[in-house]
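Each residue of the sequence shown is one higher than the one before, starting from 4 at the first, in this note's numbering. Notes follow once the structure below has been shown.
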Amino acid sequence: MKKLKRIVIKVPLDSISKQFFDLFENYELIKIHRQDNNQIFATQKVKFKDNDIHPKIFENKKYGLSYIEIINENREKNEYIFFSKLNWPKKTKEFLSRLDLIIDPPIILDQDRLLVNVITDNKNIDEMIDSLDLFYDKKLEILSISHIDLNEENLFLKLTDRQKEIIYYAVQHGYFEIPRGISTKKIANHFKITRSALYDHLRKIERTIYHSIFK
């Protein structure tokens, strides 16, 4: 079993990112649905400083947001929750392409920096820290490094037999790879269930795994 570490870092904003984040009173990336070295699909929660700003105005602009779908909004409080597709900035692409790591939400705006949790194994930790210094010119701050206690046996016991069958089949057929090796329709057909039932199983599996690892 790999020994995992969680590293909490404060990442400085470049000039374009700073223009974007200066518009927020509060910002939080609350869930990552899917990501690779080029883009990320995520749910974000924001509160704007200005009443006249709406998230959709940033779609296909210079900030890299190529798709935005509003999930919930409160215009009186300037608060929005939205699903988005974000193309990573060039520097972030180069950094992610070098290392095997996981970005662990939430990502929070803290003054003029982003507070980010990154998970990697012991083998990569020194290289990751060196890469952070290289790409961000030693301007970022490492706040903490902690061990993640992952008990695979206990985690597997928390899944139902049906969930074990589904997750094993999905992994074996490349569902979690990019691009996907199998579609949800084919998985659902294999188990003779509806796609909505499959999505429900996958959500429960994801929640069980995340709660076991990160709580």
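Ideal Cβ placement from N, Cα and C applies to all residues, glycine included.
Can you list, in chain order, the residues of its chain whose CB lies under 6 Å from that of residue i, leaving out five sequence neighbours each side?
i      : result
Pro58  : Ile71, Tyr83, Phe85
Arg119 : Per the sequence shown, the amino acid found at residue 119 is Val instead of Arg. Closer than 6 Å at Cβ, skipping near neighbours: Ile12, Val14, Ile110.
Glu156 : Unreliable placement is indicated for Glu156, whose pLDDT of 49 sits below 50; the coordinate value is still reported in the next sentence. Cβ within range, chain order: n/a, list empty.
Ile181 : Asp39
Please list, in chain order, all residues of the same chain as residue i whose beta carbon is under 7 Å from its beta carbon, the five residues on each side excluded.
i      : result
Leu32  : Ala45, Gln47, Pro108, Pro109, Ile110
Arg116 : Lys13, Val14, Pro15, Leu16
Ile196 : none
Leu143 : Ile12, Lys13, Val14, Pro15, Leu135
Gly177 : Arg183, Gly184, Ile185
Ser87  : Ala45, Gln47, Leu68, Tyr70, Ile71
Ser147 : Val11
Asn54  : Asn81
Asn63  : Ser69
Taking a contact to mean a Cβ-Cβ separation below 8 Å, would you say residue i touches residue j in this structure?
i      : j      : result
Ile170 : Ile208 : yes
Thr211 : Arg198 : no
Lys61  : Asn81  : Looking at the sequence provided, one finds Phe at residue 61 rather than Lys. No, they are not a contact pair.
Gln22  : Asn90  : no
Leu104 : Asn127 : yes
His204 : Gln166 : yes
Leu26  : Ile73  : no
Lys1   : Phe138 : It is not possible to answer for residue 1, since the shown part of the chain is limited to 4 through 218.
Tell me, to the nearest whole angstrom, how far the beta carbon of residue i is from that of residue j; I am working on the premise that it is less than 8 Å.
i      : j      : result
Ile151 : Arg9   : 6 Å
Asn29  : Val49  : 7 Å
Asn40  : Ser134 : Not a contact, Cβ separation roughly 13 Å.
Ile106 : Gln38  : 7 Å
Asp113 : Leu7   : At roughly 24 Å, the Cβ-Cβ gap does not stay under 8 Å, so Asp113 and Leu7 are not in contact.
Leu102 : Glu130 : 7 Å
Quick one: residues in its chain with C-beta nearer than 8 Å to the C-beta of residue i, no 5 flanking neighbours on either side, listed in chain order?
i      : result
Ile19  : Lys65, Tyr66, Pro92
Leu201 : Ile169, Thr187, Ile190, Ala191, Phe194
Ala173 : Phe179, Ile185, Ile190, Leu205
In three-state DSSP terms, what is residue i?
i      : result
Glu156 : Annotation note: pLDDT 49 at Glu156 (below 50); position unreliable, coordinate value reported separately. Glu156: helix per DSSP, three-state reduction.
His204 : helix
His40  : Checking the sequence shown, residue 40 turns out to be Asn, not His. If DSSP states are grouped into helix, strand and coil, Asn40 belongs with coil.
Ser186 : coil
His193 : helix
Ile56  : coil
Tyr178 : coil
Glu62  : coil
Lys161 : coil
Ser20  : helix
Lys167 : helix
Of all the alpha helix (DSSP H) runs that stay within the bounds of the region 66-143, which reach a length of 4 or more residues?
Taking only runs of at least 4 residues, the alpha helix (DSSP H) segments lying wholly in the region 66-143 are 93-101, 125-138.
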